[in-house]
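All you need for the working numbering is the position in the sequence shown, starting with 1, plus 11. I have placed the structure first, in the form of structure tokens, so that the comments after it can refer back to it.
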Amino acid sequence: MARVHHVKRSRKDQGKCGKCGDALAKGSAYRHFAPGFRGRKRVRCMKGGCSPRPSDLTGSDKLQRDAIAARNALAAALIEAVGEAGLARALRAVGVFKEGE
Ligand SMILES: [Zn+2]
Numbered sequence: 012m013a014r015v016h017h018v019k020r021s022r023k024d025q026g027k028c029g030k031c032g033d034a035l036a037k038g039s040a041y042r043h044f045a046p047g048f049r050g051r052k053r054v055r056c057m058k059g060g061c062s063p064r065p066s067d068l069t070g071s072d073k074l075q076r077d078a079i080a081a082r083n084a085l086a087a088a089l090i091e092a093v094g095e096a097g098l099a100r101a102l103r104a105v106g107v108f109k110e111g112e
């Protein structure tokens, strides 16, 4: 998965945020990333809603489908092994999932 680079003050005009379209003028903060191998550079402003999502950071649809399939298979296997209530208890016990959050 691509790394996201944060720049506090751009040295040149970065064009527009790829999500909301806000202008990223010279001197403004922005972040950039390039999905996949030799992916085209994407720029985003620093607004929370413009954070790159995992799906923005991978250039491969197949990789993403595999990751989702693996996650679903893992969840299904865990639920089969200990039941949904047991899984919730186990996640709480290791601090992954807290009630009331
Ligand atoms: Zn934006």
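In this text, a Cβ means the ideal position worked out from N, Cα and C, and glycines have one as well. All values reported here derive from a predicted model rather than from experimental measurement.
Rounded separation between residue i and residue j - CA only
| i | j | result |
| --- | --- | --- |
| L89 | A101 | 10 Å |
| R20 | A92 | 51 Å |
| H43 | L74 | 21 Å |
| V18 | R51 | 18 Å |
| G94 | R103 | 14 Å |
| A86 | V105 | 16 Å |
| K27 | A45 | 15 Å |
Pick from the options that is closest to residue i, judged by C-alpha positions
| i | options | result |
| --- | --- | --- |
| R22 | C31, K37, G97 and F48 | K37 |
| G47 | G97, D67 and E95 | D67 |
| S62 | K30, S71 and A87 | K30 |
| D24 | H16, V15, P65 and A40 | A40 |
| R14 | P65, A96 and V107 | P65 |
| G32 | G60, H16 and A45 | G60 |
Practice task
Decide yes or no for the touch test of the region 47–60 against the region 79–99: beta carbon pairs closer than 8 Å, at least 3 of them.
Solution key: Contact fails: fewer than three Cβ-Cβ distances are below 8 Å.
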